[in-house]
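Throughout, the numbering used here is defined as the position within the sequence shown, counted from one, plus 511.
Quick reminder that beta carbons are idealized off the backbone N, C-alpha and C, glycines included.
Following: one structure in structure tokens, then a few remarks.
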Amino acid sequence: MRKYYPNYSIGTDTYADIPMVCEKYGTKAVIIGGKRALAAAADLIKEAVKDSKITITGVFEYGGEASREHIDELNSHQEVVDADMIFACGGGKAIDTCKVLAQESKRPFFTFPTLDDMDAVITKALSGIDVRKWPYEVTPDMILDAVKKIEEVSF
């Protein structure tokens, strides 16, 4: 058996790493997550990339459940389609939705967890989607975990 774990950056200023890490993947990113996660992280991400080559094409809620319908809904937005990379914010269902979106569109994705007690940010597993129909094995290109900052602004 072989295990792969993506790059992981953890600390109070990890979002400052976004330009250095992500610019090699493109210049356009879309932020997708849950309502509370986006409230906690989206502005921090935007601030981190404001003086870089990366622009944020849009910010979208993932839909509340990891499902085919919500993936299709996200794909109906030009801002999602135009993005070179996906920034997934939040917990397991939001990140699982972005895993499938990234796999299907062959785009890199980066996770910005708002809780440190779940495994969706690092595993290939899909919790909210029937894995018999979604045999994806994708892990994020990098995890950026701004523990203290997220604790200060979320929940």
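What residues match up with C600 in a beta bridge as DSSP calls it?
G544, F623
From V591 to I597, what distance separates their C-alpha atoms?
8 Å
Residues in its own chain within less than 7 Å of K539 by CB, not counting five upstream and five downstream?
T566, T568, D593, A594, D595
Does the Cβ of D562 have 16 or more other Cβ atoms within 10 Å, making it buried, or fewer, making it exposed?
exposed
Would you mind stating whether A577 and K604 have Cβ atoms separated by less than 9 Å?
yes
On a CA-only basis, which of V541, K535, G537 is nearest T622? Give me that one, please.
V541
Can you say whether I606 is buried or exposed, counting buried as having 16 or more other CB atoms within 10 angstroms of its CB?
buried
Where K539 sits in the DSSP three-state scheme:
strand
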